[in-house]
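A short worksheet on the structure shown next.
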Amino acid sequence: MKLIFLGPPGAGKGTQAAVVSKTLGIPAISTGDMLRAAIKEGTEVGLKAKSFMDAGNLVPDEVIIGIVKARLQKPDCSKGFILDGVPRTLAQAQALEDEGLVFDKVISLEVSDEAIVERMSGRRVCSACGEPYHTVSKPPKAEGVCDSCGGELVHRADDKAETVRFRLEIYHTETEPLKRFYQERGLLHEVSGTGRTIEETTQAVLRTLEE
Ligand code: AMP
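Note that the working numbering has the sequence shown beginning at 3, numbered continuously upward.
Here it is in structure tokens:
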């Protein structure tokens with residue numbers, strides 16, 4: 003199964019991709035996580051990406067396309083994968099298509115801008131393993147500590163309200179047109195990512211995948 007999870011920043015793509023990845027036994031590939039890891043390791047990609055990410059801007063397409071192509075070559079992708087946070091521009095979507103990749107479904111998690119801004123203020127992420135948390139909807143067992151690895155939970159600089167509004171603008175101009183791109187290919191499925199629990203959204207996503 004080759005899947006894409008689309009949606010604004012903070013829609014729950016990472017959270018849902020992690021559960022679906024476990025359920026289906028295929029890796030979830032998050033370009034955001036890969037870029038944060040590259041920054042931590044101080045690689046060339048990390049150096050290129052950092053200033054764009056800190057400002058809430060998109061990282062240039064050629065950087066993204068390069069890391070995704072390399073990741074998809076790895077053996078764990080042979081049975082399928084979930085792309086979380088990529089493609090984010092038409093150029094990225096076109097590049098994946100030009101690689102001959104054929105997707106089974108594109109799930110668009112629908113959440114309003116107001117709900118996103120509210121949500122992001124409570125979002126925390128493990129600085130060690132990337133596991134996402136939320137102070138209200140998914141609190142860790144011990145405050146500030148990752149349940150999975152014991153790492154420190156942090157509020158990402160790009161999750162601050164001002165940056166979130168800017169990232170939402172970019173989402174609407176650069177990424178939302180992808181819905182039409184995939185609708186034209188008969189792949190788009192919209193799933194509400196708001197007004198219910200994380201588990202209920204997961205069930206809705208899994209039902210959509212079974213259809
Ligand atoms: P995320 O964790 O998916 O919210 O991504 C965090 C940041 O990484 C974004 O705000 C962008 O700066 C950068 N990023 C992640 N994925 C992409 C992508 N596919 N295209 C461009 N920039 C990306």
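Ideal Cβ positions, reconstructed from N, Cα and C, are used throughout, including at glycine.
Here the structure is a predicted model, which is why all the values come from computation and not from measurement.
With distances taken between CA atoms, A40 lies nearest to A130 out of L103, A130, K15 and D115. Within the DSSP bridge table, the entry for P134 names V127 as partners. In this structure the region 103-111 lies against the region 173-193, because at least three pairs of beta carbons, one per stretch, are closer than 8 Å. At least one heavy atom of the ligand AMP sits closer than 7 Å to the Cβ of F54.
In this structure, DSSP gives V156 an extended state, which the three-state scheme calls strand. Under the three-state reduction of DSSP output, A206 falls in the helix class. Annotation for Q94 indicates a beta carbon within 7 Å of some heavy atom of the ligand AMP. For D35, the enclosing alpha helix (DSSP H) begins and ends at T33 to E43.
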